[in-house]
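**Student:**
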Amino acid sequence: MVRILYHLGAEQHARVYKSLCERKGVVQALVMPSSIKYNEFKIKNIYRYNKTKEVDSILDKFKPDAFLQCAAHRDFEPMVKKRGIKFGLVTHGVLPKSVNNCAAAASEFFRKFDFFCSATRMFKETFGVEAKNDAKIYTNVLTQSDILYNRMQNREKIRKNLIRKSKNPKADKLIVLFGHGCTEKHDNLLPYDYGYYKAIVELNKMNQNNNYAIYIKPKSDQDT
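In terms of the numbering used here, the sequence shown opens at residue 7 and continues consecutively.
1) Return the residue from the list Gln214, Asn45, Ala72 and Leu11 that minimises the CA-CA distance to Lys92.
2) Looking only at its chain, what residues have a beta carbon closer than 8 angstroms to the beta carbon of Val8, apart from the 5 residues adjacent to it on each side?
3) Beta carbon of Lys48, beta carbon of Leu14: below 8 angstroms?
4) Is the beta carbon of Ala35 sitting closer than 8 angstroms to the one on Leu74?
5) Have a look at Asn167 and Tyr203 and give me their C-alpha separation to the nearest angstrom.
6) What number of angstroms, rounded off, separates the C-alpha of Ala205 from the C-alpha of Val182?
7) Can you name, in chain order, every residue of its own chain whose Cβ lies under 8 angstroms from the Cβ of Lys24, other than the five neighbours on each side?
8) Given a cut-off of 8 angstroms on the beta-carbon distance, is the pair Ser40 and Arg54 in contact?
9) Here's the rule: buried if 16 or more other CB atoms are within 10 angstroms of the residue's CB, otherwise exposed. What is Gly90?
10) Which term fits Met212, buried or exposed, when burial requires 16 or more other beta carbons within 10 angstroms of its beta carbon?
11) Spell out the partners DSSP gives Ala72 in its beta bridges.
12) For Val32, write down the residues that DSSP places opposite it in a beta bridge.
13) Give me, in chain order, the residues of the same chain whose beta-carbon lies closer than 6 angstroms to that of His19; leave out the 5 immediate sequence neighbours on both sides.
14) Any idea which residues DSSP pairs Arg248 with across the strands?
15) Measure the alpha-carbon distance for Gln150 versus Ser172 and round it to whole angstroms.
16) Taking the straight line between their C-alpha atoms, what separation do you get for Arg170 and Gln214?
17) Expressed to the nearest angstrom, what Euclidean distance is found between the alpha-carbon atoms of Asp66 and Leu209?
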């Protein structure tokens, strides 16, 4: 039975873990500061702390095999590695600026973590390193990446449900766009999500001449 503890350090990173769900053979838990009020996770085992040092006792209590975080800092590295726990980094759809800043010192960055959860193309473009089978980079582990790479479990069932709920149940093609939809995310590529909204406009132009069903889902909980 594998035990995984995910760390959530800021509320804007909650979307990294929103798609994770309970699985057989894996005991999962989230740990986060008490200041984070967001709690709409499929993983129900949640620990909260007021000071960083309190994570030490949480590690003793939960006894994880792996500790995953979605920020590039190394605050928890000493307490994690002294217990022989694997130290991992989860990155979502677009690399946060903090990780991009590490690209110049990639060798040092790679030494921090035992493994990475990311998408192959994203890693290659940022670090110049391709994720091969023997690498310590796990690819397409998040639901959002799986959709984009057409590797989602039960994708046919999801596809049918989306088309059934759409205004065009006889669509020739289903197009799913996952984007930001919020102006204050730290991982925006362009100011005010210009690329995201431009993509929506272009998709609607395409749809005028095609029989498509277009499903648009922002990363954030609020549209802007």
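We put the beta carbon where it would ideally sit given N, CA and C, even for glycine.
**Tutor:** So, from the listed chains and residues:
1) Ala72
2) Excluding residues up to 5 positions away in sequence, Gly31, Val32, Val33, Asp71 and Ala72 lie with their Cβ nearer than 8 angstroms to the Cβ of Val8 in the same chain.
3) no
4) no
5) Straight-line measurement puts the Cα of Tyr203 at about 25 angstroms from the Cα of Asn167.
6) Each residue's CA atom was taken as its position, placing Ala205 and Val182 some 11 angstroms apart.
7) Glu46, Phe47 and Lys48
8) yes
9) exposed
10) A residue is called buried once 16 or more other Cβ atoms fall within 10 Å of its Cβ, and Met212, having fewer, is exposed.
11) Beta-bridge pairing links Ala72 to Ile10 and Lys92.
12) DSSP lists Val8 and Arg29 as partners of Val32.
13) Here the set comprises Cys76.
14) Outside the modelled stretch of the chain, which goes from 7 to 230, sits residue 248, for which no answer is possible.
15) Residue placement at Gln150 is flagged as unreliable, the pLDDT there being 44, under the threshold of 50; the coordinate-derived value follows with that caveat. If you take the alpha carbons of Gln150 and Ser172, they lie about 20 angstroms apart.
16) 20 angstroms
17) Approximately 50 angstroms, taken between the alpha carbons.
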